[in-house]
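Chemist: In this note's numbering, the protein residues as written are 189 to 363. All C-beta atoms, glycine included, are put in the ideal place defined by N, C-alpha and C. Structure in structure tokens, see below.
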Ligand code: S3P
């Protein structure tokens, strides 16, 4: 099996879906943010605070190259990973890229409930977060759309039924 690389905006469920799919297929799972944190011994937030977004993107690019070299694995990327350097083209060369597509409204609902610290969303009011998601999603869509497979989570009756999502995704990918 070629590696599967999951992309999409923050809150799309990349980590949850990637982990469940890897478990079902019995392959290793890597979350790029977690990989960066363990390799750098710093949280993503610390890296943003110390090196700015530019520094983070360089590290992310380098770490993507490490992880994408692994064979037969599932990788979930950060929301911005495909949108910098030639990352999306590189990912398409390395594996089967899957865009987990969701509307700005759905993403906002997921992010509202999420506990993770997202440096790009800090210090914003709920209204500002909604506007930010809408605008950034528009800018990022051209990169996300370059994925080989687009899995629209709005087709799911209940995205929280993770097993159903995994089965649908397997069907779409033919694995
Ligand atoms: C980012 C998304 C985050 C993380 C960083 C930047 C982005 O990952 O990489 O905070 O630019 O969208 P998740 O999509 O896993 O939250």
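(1) Looking at the structure shown, is residue 197 part of a helix, part of a strand, or coil, going by DSSP?
(2) Out of 309, 283 and 200, state which residue places its alpha-carbon closest to the alpha-carbon of residue 260.
(3) On the DSSP bridge list, what partners appear for residue 216?
(4) Take residue 277 as the anchor and find which of 332, 226, 223 and 324 has the nearest alpha-carbon.
(5) Can you find the residues in the same chain that come closer than 8 Å, C-beta to C-beta, to residue 357, ignoring five residues on each side of it along the sequence?
(6) Can you have a look at residue 349 and say buried or exposed, based on whether 16 or more other CB atoms are within 10 angstroms of its CB?
(7) Mind checking whether residue 202 and residue 265 have CB atoms under 8 Å apart?
(8) Compare the C-alpha of residue 295 against each of 313, 272, 280 and 267 and name the closest.
(9) Using only alpha-carbon positions, find the residue among 250, 257 and 255 that is nearest to residue 272.
(10) Regarding residue 301 and the ligand S3P, is the C-beta to nearest heavy atom distance less than 7 Å?
(11) If you count every other CB in all the chains shown that lies within 10 Å of the CB of residue 221, and 16 or more means buried, which is it?
Modeler: Taking the structure as given:
(1) coil
(2) 283
(3) 261
(4) 332
(5) 205, 209, 286 and 339
(6) exposed
(7) yes
(8) 267
(9) 250
(10) no
(11) buried
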